[in-house]
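J.: Residue numbers (our numbering): 131 to 198. From the three backbone atoms N, C-alpha and C, an ideal C-beta is built for every residue, glycine too.
Written out as structure tokens, the structure is:
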């Protein structure tokens with residue numbers, strides 16, 4: 131589903147985010163954008179459709195690795 135100007139889009143978004151941060155949040159470090167992967171909310175909604183809400187919650191908790 132990638133289109134030919136993905137690199138251009140990513141650099142455009144990065145510049146816009148950093149410009150916002152410099153003006154609205156001066157003195158704080160700039161955000162490091164993620165390299166890829168699926169957003170957590172999208173992953174959760176896909177899992178809910180696949181296996182039901184209760185089971186999806188349990189699976190997401192296992193993936194997070196909390197308490198280990």
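(1) Count Cβ pairs between the segment 133-153 and the segment 161-173 that sit closer than 8 Å; are there 3 or more?
(2) Select from 157, 155, 156, 165 the residue whose C-alpha is nearest the C-alpha of residue 143.
(3) Can you tell me the Cβ-Cβ gap for residue 189 and residue 177, rounded? I've got them flagged as a contact below 8 Å.
(4) Whose C-beta lies closer than 8 Å to the C-beta of residue 181 among residues of the same chain, with five residues either side of it excluded?
T.: Put simply:
(1) A contact is defined here as three or more CB-CB pairs under 8 Å, and the segment 133-153 meets this definition with respect to the segment 161-173.
(2) The residue with the shortest Cα to Cα distance from residue 143 is 165.
(3) Residue 177 and residue 189 do touch by the CB rule: their CB atoms are close to 6 Å apart, below 8 Å.
(4) The residues are 189.
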